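Asks: Using this note's numbering, the letters of the sequence shown correspond one by one to residues -17 to 163.
Every residue gets a Cβ at the ideal spot worked out from N, C-alpha and C, and that includes glycine.
Please read all numbers here as calculations on a predicted model, not as lab measurements.
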Amino acid sequence: MRILASIIINIGRLNRLVGNILVWLALATVLVCFTVVVQRYFFATTQLWMQDLYVWLNGLMFMGVAGYALFRDNHVRVDIYYRPATLRGKAWRDLIGVVLFLAPFCTIVWIYAWPYVQRSWRLMEGSANPGGMPGLFVLKGFILVFIVLIALQGLAMALRSVLVLAGRQDLLPPLYRYQQD
-17 MRILASIIIN IGRLNRLVGN ILVWLALATV LVCFTVVVQR YFFATTQLWM
33 QDLYVWLNGL MFMGVAGYAL FRDNHVRVDI YYRPATLRGK AWRDLIGVVL
83 FLAPFCTIVW IYAWPYVQRS WRLMEGSANP GGMPGLFVLK GFILVFIVLI
133 ALQGLAMALR SVLVLAGRQD LLPPLYRYQQ D
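#1: Could you name the residues of the same chain whose beta carbon sits closer than 8 Å to that of Ala148, not counting the 5 residues immediately before and after it, in chain order?
#2: With three or more C-beta pairs closer than 8 Å as the rule, is the region -9 to 3 touching the region 125 to 135?
#3: Three or more C-beta pairs closer than 8 Å, one from the region 1 to 19 and one from the region 31 to 43: is that the case here?
#4: Alpha carbon to alpha carbon, what distance is there between Gly123 and Met115?
#5: Which same chain residues, not among the five before or five after Gly41, have their C-beta less than 8 Å away from its C-beta?
#6: Pick helix, strand or coil for Tyr50, following the three-state DSSP scheme.
#7: Output needed for Gly117: all residues of its chain with C-beta closer than 6 Å, excluding positions within five of it in sequence on either side, in chain order.
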């Protein structure tokens, strides 16, 4: 059981680290977007690569912080069904949700994304916009990062559910435990 707790904690640490780093891309996105708007409307010019940049930064942030959002329980959930549940009820709901929904989602997205990303890397794909940014293949590669981080956090959720159902949530630090409302 301590091994399960260690796995949960380490996956959470990974997603927290990635999330805390990539959340700063929100600020970068706003600053780049603001610069593009100022260039366009005050100086009647634009840099196409900068337009690509703020869209790409937003995509990187979204894909990179999805596992962190799942770690923090900031994802969409049917609260009228989940919130009033007991700890064991939440554990069962999460375990079933991971097995029936999250794992198949991750599997399907990986199956379809892998050749798409492989092709992009093989071609060293860049922006379709003339004068746009090179390196679109890196952004597309983040689709796989997204799936790995989400799948790992799903595994941590399932293992946390197992610990709760076994009556061993006490092995987890407070940040990693279910919170009773």
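Replies: So, to answer that:
#1: Here residue 148 corresponds to residue number 166 of the sequence shown, with the count starting at 1. So the list reads Met(-17), once near-sequence residues are dropped.
#2: yes
#3: yes
#4: Position 133 of the sequence shown, counted from the first residue, corresponds to residue 115. Position 141 of the sequence shown, counted from the first residue, corresponds to residue 123. Met115 and Gly123: Cα-Cα distance of roughly 15 Å.
#5: Taking the sequence shown and counting its residues from 1, the one referred to as residue 41 is at position 59. Closer than 8 Å at the Cβ level, and outside the excluded window around Gly41, lie Leu121 and Phe124.
#6: If you number the sequence shown from 1, residue 50 lands on position 68. DSSP places Tyr50 in helix when its eight states are reduced to three.
#7: What you label residue 117 is simply residue 135 of the sequence shown in a count that begins at 1. Cβ neighbours of Gly117 within its own chain (closer than 6 Å, five residues either side excluded): none.
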